[in-house]
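The number in this note's numbering is simply the position in the sequence shown, starting from 1, with 4 added. Report on the structure given below.
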Amino acid sequence: PPYMATEFGDLVYQLPKKAFVTIESWVHVFIADILFGIFTYGANEEDLINSSWRRKLSILSSAIMEQKPVLSSSKLVRIGKNANIHPTAKITGPAIIGDNVTIDAGVVIDACIIGNNVTISQGCQLLLSVISDGCFLPFRAALFMTTMMENSMVAQNTCLQLCVVGRDSFIGAGTTFTDFSVLSDKKAATLKAINSNNKLTDSNFFVLGGCVGHHCRLGAGLVIHPARTIESDVVLLPSEDQIFITKNVRYEESAHHAYADRYPYPRLYPRRPEEEKEKPEAIF
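Right, here's the structure in full:
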């Protein structure tokens with residue numbers, strides 16, 4: 005819609021057919037996985053269909069033989085080995101489903117890439133997203149243009165839009181990641197996000213979700229404002245004063261520090277300068 009774009013009109017993404025992306029921040033992961041990944045994969049498939057009558061005939065014949073809608077045929081939805089997919093689940097392509105995947109009743113998947121050993125429970129909604137190996141989505145979780153890295157979990161009734169979730173992280177039930185500031189001015193600067201040097205820089209996006217680092221634990225019912233970053237190894241607990249997350253959350257602000265004597269929570273992903281300090285000195 006125009007109100008989510010610039011003064012020039014609609015919200016538009018420029019998509020190259022072939023791209024080289026330097027990953028320096030989580031925003032670049034979003035660009036590589038979603039815009040230059042899912043979107044470009046679909047655009048290339050569309051070009052192939054439009055340019056080849058053999059491809060059109062192959063997809064149509066496959067849909068007829070399988071008694072499925074064209075976009076749900078095996079030519080556009082690639083399913084791996086030992087996949088357990090409920091008959092009421094709806095999957096439309098182009099999509100890739102990995103090995104040993106479980107997809108339960110009422111799930112809707114549209115143009116997604118799903119890795120191996122993933123479980124997607126009843127009523128989940130996935131659109132234009134990348135789900136890595138070993139992830140778990142309980143019932144009614146919703147992802148839109150979102151990347152989940154390995155072994156992460158998004159609990160029931162959550163909503164993530166234009167987000168990146170690191171590996172081995174947990175997001176509690178009912179948590180919502182917003183992607184658009186309703187009070188923003190179209191002529192104002194675009195959203196700012198944390199870069200690889202832990203500094204705020206212009207993301208060049210008017211619409212952008214949030215980022216959860218690796219090995220994070222988020223409680224239930226949180227609301228994350230657009231383009232906010234939760235650093236790796238952070239535990240975030242909801243409270244009367246902390247439901248709406250309006251600022252970036254650093255490791256030093258993690259809730260687990262208050263319980264360190266009872267619940268040790270290791271730091272697995274320190275910042276780069278701290279990593280350098282922890283390296284042993286070379287012996288000559």
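Backbone N, C-alpha and C fix where the C-beta goes; we use that ideal spot for every residue, glycine too.
Query	Result
Looking at the secondary structure, which residues open and close the beta strand (DSSP E) in which Val33 lies?	Not the beta strand (DSSP E): Val33 falls in the alpha helix (DSSP H), residues 30-34.
Are the Cβ atoms of Phe43 and Val25 separated by less than 8 Å?	no
When we look at the beta-carbon of Pro73 and count the other beta-carbons within 10 Å, is it buried (16 or more) or exposed?	exposed
Would the region 123-133 count as touching the region 193-206 if we require 3 or more Cβ pairs under 8 Å?	no
Rounded to a whole number of angstroms, what is the C-alpha to C-alpha distance between Asp265 and Asp172?	23 Å
Does the region 78-90 come into contact with the region 101-118, if we say contact requires no fewer than three beta-carbon pairs (one atom in each stretch) closer than 8 Å?	yes
Just to confirm the assignment, what range does the alpha helix (DSSP H) spanning Ile247 have?	Note, Ile247: premise wrong, no alpha helix (DSSP H); not H, not E.
Which residues mark the beginning and the end of the alpha helix (DSSP H) in which Lys21 is found?	Neither: Lys21 is in no alpha helix (DSSP H) and is coded neither H nor E.
Between which two residues does the alpha helix (DSSP H) holding Leu64 run?	57-70
Using a 10 Å radius around the Cβ and a threshold of 16 neighbouring Cβ atoms, would you call Thr162 buried or exposed?	buried
Are there three or more Cβ pairs, one per stretch, closer than 8 Å when the region 204-211 is compared with the region 255-262?	no
Going by Cα to Cα distance, which pick from Gly138, Val158, Cys139 is closest to Ala145?	Val158
Could you pull the start and end residues of the beta strand (DSSP E) that Cys163 belongs to?	163-165
Compute the beta-carbon to beta-carbon distance between Gly170 and Gly213, rounded to the nearest angstrom, for a pair I have assumed lies under 8 Å.	Not confirmed; about 14 Å, so no contact.
By Cβ distance below 7 Å, which residues in the same chain neighbour Pro91 in space, the five residues on each side in sequence not counted?	none
Less than 7 Å between C-beta atoms, sequence neighbours within five positions excluded: which residues of the same chain meet that for Asn252?	Ile198, Arg232, Thr233
Mapping the DSSP letters down to three states, classify Phe210 as helix, strand or coil.	coil
Between Arg276, Val238, Phe248, Glu244, which lies nearest to Ala262 when the distance is taken from Cα to Cα?	Val238
Assuming contact is defined by CB atoms lying nearer than 8 Å, are Leu166 and Thr179 in contact in what I supplied?	no
With respect to the beta strand (DSSP E) encompassing Lys94, which residues constitute its N-terminal and C-terminal limits?	94-96
Between which residues of its own chain and Val168 is the CB-CB distance below 6 Å, once the five residues before and five after are set aside?	Trp30, Val33, Phe34, Thr151, Cys215
Report the residue ranges of all beta strand (DSSP E) runs contained in full by the region 81-127; include only those spanning at least 3 residues, in chain order.	81-83, 94-96, 99-101, 112-114
Measuring straight from C-alpha to C-alpha, what distance separates Gln129 and Ile175?	16 Å
Mapping DSSP to helix, strand and coil, what is Pro270?	coil
So, under 8 Å CB-CB, Thr194 and Pro230 are touching, yes? Tell me the CB distance rounded to an integer number of Å.	About 11 Å separates the two Cβ atoms, so there is no contact after all.
Please classify Ile247: is it buried, with 16 or more other beta-carbons within 10 angstroms of its beta-carbon, or exposed?	exposed
From Leu141, Glu154, Glu244, Ile228, pick the residue whose C-alpha is nearest to that of Gly119; which is it?	Glu154
Within 10 angstroms of its Cβ, does Lys79 collect 16 or more other Cβ (buried), or is it exposed?	buried
Applying the 10 Å Cβ sphere with the 16-neighbour rule, what's the burial state of Pro20?	exposed
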